[in-house]
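Worksheet: one structure, shown below.
Residue numbers (this note's numbering), protein chains in the order written: chain A, 35 to 244; chain B, 990 to 1321; chain C, 4 to 296; chain D, 29 to 823.
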């Protein structure tokens, strides 16, 4: 197969294929432009014209944010270093502590262990988005934590609070045991578990009374 | 080259939306492409910079790979179905509770939200010598560090070893064997269906893989035949901590009973070999019994026949024996 | 193409871990090329006239025993071991996976046993030196003849012609290298024979050992392939048969061997029809058979 | 009347920031032009760098520069430098590379050609004690400032005993004897001899010790993770040999330290030095993997214990030998352990021998209850064993051996300011319902056996304070300037409460100022050894007393009458001449100047306090004083832990069913926070007893439990959903506030309650090893122990 032929075959193949091709990322821009890419209907992404669609739109805390993202960049890194959302903590960067817990379409996941490109078109909620954007009013979970004086060093707090936020949605009337299970993906080295659990129970109570 | 265990090295990311495209990509990048499911195993490798694929195929956008469907003979679970969905699905919970139980025992809620059934069964071993990037057999080298006389091998295997002594870390694997699941593996050349117990391979067959799948293969669906629906199930996982930790030993069993007697049984143990072990001999032994204490004891003893512990994992022999015993005992 | 496989050991030191599998493929390719090349070469070479011996010296039986049963048994057991070793070593690397490790070391043990048997047998019961004759002039003549058909045919050989002897020597060296390193490498795997200890030698020493083992293995691909090839060639089949039946016929004997060098007496060798097999191989009976050099 | 502040549950003022993501930990700071540093860690446990070729790395686009060991401060002997060319543990930082982004920096590290010469190494301290055994340093295994290095070995006779499983009679660098142990043992009705192994374990605070720095002219701005603020500034200045006043140290939040970040961290020097070299802000994000190495660890013990008891259960003699695994830079735990053993069991006759052995493992440091937690978790089950063997109730044996107020302990007969261990035990007995629980001890439910146990754990819990400094500004608010750090204990706010209460303030009018040295800190203690609560409530109390005097004097000057006739309440001062707001008082103080506004300072405040006070001088009424309250004896707190467990004999799994922790820590300032400390410390102890580990491959000297899932700190499901705590609440008589610290003692209590309860569930058999993971217990139940009795670093 000669060079010209192989290129045309490639182009045909890629143009009929429905995938989004990432970029070769070295920090500098690299491109293998010329192919036509369509976004995934599932991801709800727009049609991409080039291979190097690094500039993507993320829905973070209800806002559309344009951001330049490498294909191999994790969500936690994008949030912390590109969007200035440093509330999401990196405790281990290996899905072993939960400090980076964020909600993706309302479901708790470890921000350190997913690619930012995987959450295109999905809604990302971080600790910074819990307060009412206009009034600054705290969310019920945050209020509960304030009431109960939760957390010690609180490096784990954002992750725990996001997990609690999911918990009161999924199970608005948990027992202490159920709450414990729901929060078992978050580590607290100060081991303030008892108080955190009390916060979670109070949060559920507040949520029910709203 | 100095080593550093941080930051994912660059790769090309592909996010196909159909299985066909994914297979084509895998074929095209044969040997170079990495399949990304939930990513919890993958990112570890990437961040440690030990595995450095040039292309990553993210299956997250392929809708046909997710979901649990009723099919003519049982149910079919898409490989990209999250463990949380499996844990919560009513059909799984009622018909094949052993699988829901197993899914519930995986790591943590967040990991279950993100981790997939396909990823869970396809994940690589957690042998810490291997995961440290040491050039062991599994990594293409010429030794096993974990089976050296002074090595730290508390979490390694007691049977089925062949140069490598790692264990399969999957919680759902033994449950799938217990329900006689069929694993549908597709490649550009077509699809193959493997019985769950044959899906997992040991180092004797290929020391660098945990399953039959080669680089261009994709596990797309897991079919659970109706035959084992509503059987008496047993699942237990022993681990050091209540969350995150992989099993030391786990057992999954299914028993079909009639008039108080075990008609047929399927018992699988994980954490004891480089692959989840199906205990055929024990299954035959318990057939026709009521799962009484003496049968349970005999079953336990039979299960550990031929076990050969390493220096620091003698306890696994007793743990396996006792778990099998408990599984059988659960019937009566 | 890489010759070696290297890796960073746990301390980040660069160590040898074995030969490159490229070498295996090279050996396979070389073996195929040799076979094809040789076959073509033989075709192109003009037929050599082999005149039947004018007269049959007295006392030469019709069937001459070339390999005793013991020798044949050794040969075939060893070949099975060798083939198993090669298949278990290389076929998995080529992509066909199966449980090879146990078979490999078991075949290795078998090979060692046959070799030990062979050495004892050769020293005690065979004419040890008939194999270990140097035969420089014979070698030179053989080579000349190979290079040019015009060159006179080399003098007829003793029991083991020059090329056989050379092949044997190479095989001895390569197999011994494989065996010695293989035995040591068994220290690193699980066998019922001892507890494995990967730290018996330093990484560097092990690396050299793996390379030597690998190189011998790769060489054996070539050696064994060519051996089988020659064994199957039509003009050599009479000698191949001798490894099966034990004897060669008088015609081939006279055509290829120098009765002075491979002395055959009429020991009452009758025929294959059930009578006493011959005592033809004088060399096996007379330890002090004449040496050429 | 102003509200009561001492004894109330008041959320700390920084909580809002913590739960909204606004709280900025060191890695959350950014600076324009900031670049990222990455570390090259030693791959060998002991080595020498022979050659470094960074040319390929430096040629990479985006790579800025490299920082080598010869560019950082270092000292001879077993002392740590932030970068080194002679690494003494696998993972010690060798050099750093800075690049425009982390990925480039990581790739640059990989591009560095580096060649090491491996040196002999030692992981297990016993190996280094063996005649002819390897040493952690080329020059020996013991170091003294005067004599330098020496090679310390036990004799073959000692090891013949060790190997035979007997207690050896070795000489040790640290030895002391009290009373006459030999005769006492002869009188004992029961003598127990045990070999006990306590593992080393990493601190693993949630926040790794990441930090950032940049320079502005001569001024260093350092954003660090530290337990103590004011002291860290001086520690950093000392390390870098610069004027402390040229450092602006920012340490608003600290994501946990547990003893590993007492006065900052060694790696905080790297961005400071690197940014000076390249003249750009440098962020050093420490990964969890790196934290495992450059973070700290609790030293492990290999111990021989001989304990004698009289017929009634009274411990009358102890003979204790501790070999401590000290890492390359030493630790003092074993000394404390000897003291604590004497204090807790009051044997009157005791011999202690200890040796700290350098090893090629990551560095050790105090970890919450250093020495005490280990020895208590090791000895409590032995005490209970004695109770069982002598037929003495296990609660009673704890109670009778616990010290009373007149206790004298350790080689120099140290005394305590107050001790209410017995009261803590009694209260715990009631809360736990010990008698009922004892009745079900040993009960079986299928394969599960119930066990109950007690751990009584003391630890130092205070020191005399340094300086206190606060200012009432014209806005009427009280600004308490805290030189202590904000490490999560809430002491940053709670230590100001008695002072605010003394000044009649409502909490809403109190502002805590902390976290940035530009905001002025007085000289403070380090936040370690649970000193803060005592030391800093005292220092603040002293400053508040000073402020109160000044308020009254200013009021008297303004309104007439005698100063002493004025009193303060809810932001007003009132007396015979009338009433004034404290805001007005502040204005008048500014006008009066002199000592009132801090222009003139007391003579006895520390020199380090002076520049800070000068920042505030003239801005309000300043209360500033040195803690001159004095006092005699050591300040110790106690926690009595009670645990009930269920041991599954078929799996070795232990489930903790109930836990009660009762503390004697003096006046309770913040009940909810105190409860959290009791639980948190206890759970850390439970992690120590049950899950956390430290594993090395002996061939390569490389640790494997280097991540969370392998190191296994306890998670939510490893503790019961319900825990109970209590406090004796008797104020310490030598203290103006009466509060004692609480950080340390619960660790030993949590650990020991578990080791005791598990031994009980095992029918009284003590496994004498931590952690008590299912494998260890199951192997023991099966009668096939997997580890040697003295094996360290396994699991």
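Backbone N, C-alpha and C define an ideal beta-carbon position, used for all residues, glycine too.
message: Using only CA atoms, which one of D:605, D:450 and D:290 lies nearest to residue 559 of chain D?
response: Sequence index remark: in the fourth chain, residue 559 of chain D carries index 531 (1-based). Selected option, being the one with the closest Cα: D:290.
field: Length of the line joining the Cα atoms of residue 127 of chain A and residue 1149 of chain B
entry: Against the first chain, residue 127 of chain A aligns to sequence position 93. Against the second chain, residue 1149 of chain B aligns to sequence position 160. Distance between the alpha carbons of residue 127 of chain A and residue 1149 of chain B is about 34 Å.
task: Using a Cβ-Cβ cut-off of 8 Å, state whether residue 160 of chain A counts as contacting chain B.
output: Here residue 160 of chain A refers to the residue found at position 126 when the first chain is read from its first residue. No, residue 160 of chain A lies away from the interface with chain B (no Cβ there is under 8 Å from its Cβ).
message: Once the 5 residues before and after residue 1319 of chain B are set aside, which same chain residues still bring their CB inside 6 Å of it?
response: Within the second chain, residue 1319 of chain B is the residue found at index 330, counting from 1. Result list for residue 1319 of chain B: 1223, in chain order.
field: Helix, strand or coil at residue 92 of chain A [DSSP, three-state]
entry: As a working mapping, residue 92 of chain A is identified with position 58 in the first chain. Residue 92 of chain A falls in the strand class under three-state DSSP.
query: So what does DSSP say about residue 1008 of chain B, is it helix, strand or coil?
result: As a working note, residue 1008 of chain B is residue 19 in the second chain. Helix at residue 1008 of chain B.
query: Helix, strand or coil for residue 425 of chain D per DSSP?
result: Against the fourth chain, residue 425 of chain D aligns to sequence position 397. DSSP places residue 425 of chain D in helix when its eight states are reduced to three.
Short CB-CB distance (under 8 Å) between residue 548 of chain D and chain B: As a first step, residue 548 of chain D must be located in the fourth chain, where it is residue number 520. Taking Cβ atoms only, chain B never reaches closer than 8 Å to residue 548 of chain D, which makes this a no.
message: Let me make sure I understand the geometry here. Which of B:1293, B:1216, B:1134 and B:1269 has the alpha-carbon closest to that of residue 1 of chain C?
response: Here chain C covers residues 4 to 296 and nothing more, so residue 1 of chain C does not appear.
- request: Below 8 Å between beta carbons is the criterion; list the residues of the region 1008–1028 of chain B that meet it against any residue of chain D, in chain order.
  value: none
task: Kindly indicate which residue of B:1313, B:1297 and B:1251 has the alpha-carbon position closest to the one of residue 1145 of chain B.
output: Along the second chain, one-based indexing puts residue 1145 of chain B at 156. Answer by Cα proximity: B:1297.
task: In angstroms with no decimal places, state the Cα-to-Cα distance between residue 143 of chain C and residue 150 of chain C.
output: The residue labelled residue 143 of chain C in the question sits at position 140 within the third chain. The residue labelled residue 150 of chain C in the question sits at position 147 within the third chain. The straight-line gap from Cα to Cα measures roughly 11 Å.
task: Kindly indicate if chain E contains any beta-carbon less than 8 Å away from that of residue 66 of chain D.
output: Given the protein chain composition of this structure (A, B, C and D), no chain E is represented.
query: So, do the region 626–634 of chain D and the region 575–587 of chain D have three or more beta carbon pairs nearer to each other than 8 Å?
result: no
- prompt: By the 10 Å Cβ neighbour count, where 16 or more other Cβ atoms means buried, how is residue 271 of chain D classified, buried or exposed?
  reply: The count along the fourth chain starts at 1 and reaches residue 271 of chain D at position 243. The residue in question, residue 271 of chain D, is exposed, as its Cβ has fewer than 16 Cβ neighbours within 10 Å.
task: Go through the region 296–356 of chain D residue by residue and report every complete run of the alpha helix (DSSP H) that reaches 4 residues or more, in order.
output: 297–306 and 316–322
task: Could you name the residues of the same chain whose beta carbon sits closer than 7 Å to that of residue 562 of chain D, not counting the 5 residues immediately before and after it, in chain order?
output: As a working note, residue 562 of chain D is residue 534 in the fourth chain. Correct list, in chain order: 489, 490, 491, 663, 763, 767, 768 and 769.
field: Simplified DSSP state of residue 144 of chain D, which is helix, strand or coil
entry: Taking the fourth chain and counting its residues from 1, one reaches residue 144 of chain D at position 116. Residue state, collapsed to three classes: strand.
query: Should residue 1304 of chain B be flagged as near chain D, meaning a C-beta pair shorter than 8 Å?
result: As a working note, residue 1304 of chain B is residue 315 in the second chain. Yes - at least one Cβ of chain D is within 8 Å of the one on residue 1304 of chain B.
message: To the nearest angstrom, how far is the alpha carbon of residue 115 of chain C from that of residue 122 of chain C?
response: Residue mapping note: residue 115 of chain C aligns to position 112 of the third chain, counting from 1. Residue mapping note: residue 122 of chain C aligns to position 119 of the third chain, counting from 1. Cα to Cα, residue 115 of chain C sits roughly 10 Å from residue 122 of chain C.
task: Kindly indicate the opening and closing residues of the alpha helix (DSSP H) around residue 616 of chain D.
output: Position 588 of the fourth chain holds residue 616 of chain D. It spans 610–620 - the alpha helix (DSSP H) in which residue 616 of chain D sits, taken as one unbroken run.
- request: Measure the C-alpha to C-alpha separation of residue 1249 of chain B and residue 470 of chain D and round it to an integer number of angstroms.
  value: Translated into the one-based positions of the second chain, residue 1249 of chain B becomes position 260. Translated into the one-based positions of the fourth chain, residue 470 of chain D becomes position 442. One C-alpha to the other measures close to 34 Å.
Residue 315 of chain D: contacting residues in chain A (beta-carbon distance under 7 Å): By one-based count along the fourth chain, residue 315 of chain D stands at place 287. Within 7 Å Cβ-Cβ: 127.
- request: Could you name the residues of the same chain whose beta carbon sits closer than 7 Å to that of residue 145 of chain C, not counting the 5 residues immediately before and after it, in chain order?
  value: Residue mapping note: residue 145 of chain C aligns to position 142 of the third chain, counting from 1. 157, 165 and 166.
query: Whole-angstrom Cβ separation of residue 258 of chain D and residue 549 of chain D, contact assumed at under 8 Å?
result: Counting from 1 along the fourth chain, the entry for residue 258 of chain D is found at position 230. Counting from 1 along the fourth chain, the entry for residue 549 of chain D is found at position 521. 4 Å between Cβ atoms; contact.
- request: Kindly say whether residue 13 of chain C, judged by its beta-carbon, lies nearer than 8 Å to any beta-carbon of chain D.
  value: Counted from its first residue, the third chain places residue 13 of chain C at position 10. Output row for residue 13 of chain C: interface = yes.
message: Any beta carbon from chain A within less than 8 Å of residue 93 of chain D's own beta carbon?
response: Numbered from its first residue, the fourth chain carries residue 93 of chain D at position 65. It does not; no Cβ of chain A falls within 8 Å.
field: Every unbroken alpha helix (DSSP H) inside the region 617–663 of chain D [4 residues or more]
entry: 637–644
message: What does the alpha-carbon distance come out to for the pair residue 48 of chain D and residue 136 of chain D?
response: Along the fourth chain, read from residue 1 onward, the residue named residue 48 of chain D stands at position 20. Along the fourth chain, read from residue 1 onward, the residue named residue 136 of chain D stands at position 108. Distance between the alpha carbons of residue 48 of chain D and residue 136 of chain D: 36 Å.
message: Counting only C-beta atoms, is residue 1250 of chain B closer than 8 Å to chain A at any point?
response: Here residue 1250 of chain B corresponds to residue number 261 of the second chain, with the count starting at 1. So no, residue 1250 of chain B is outside the interface.
Residue span of the alpha helix (DSSP H) that contains residue 153 of chain D, given as start and end: The residue you call residue 153 of chain D lines up with position 125 of the fourth chain. It spans 153–157 - the alpha helix (DSSP H) in which residue 153 of chain D sits, taken as one unbroken run.
query: With respect to the beta strand (DSSP E) encompassing residue 1298 of chain B, which residues constitute its N-terminal and C-terminal limits?
result: Numbered from its first residue, the second chain carries residue 1298 of chain B at position 309. Segment: none, residue 1298 of chain B is in no beta strand (DSSP E) and carries neither H nor E.
message: Along the region 94–115 of chain C, where does the CB come closer than 7 Å to a CB of chain B? Name the residues.
response: 100, 101, 102 and 104
- prompt: Of the residues C:229, C:211 and C:223, which one's Cα is nearest the Cα of residue 9 of chain C?
  reply: Start at 1 with the first residue of the third chain, and residue 9 of chain C comes out as number 6. Nearest option by C-alpha distance: C:211.
task: Taking C-beta pairs closer than 7 Å, name the residues in chain A that residue 1233 of chain B reaches, listed in chain order.
output: Counting from 1 along the second chain, the entry for residue 1233 of chain B is found at position 244. The contacting residues are 130.
- prompt: Can at least three beta-carbon pairs, one atom from the region 318–331 of chain D and one from the region 251–268 of chain D, be found at a separation below 8 Å?
  reply: no
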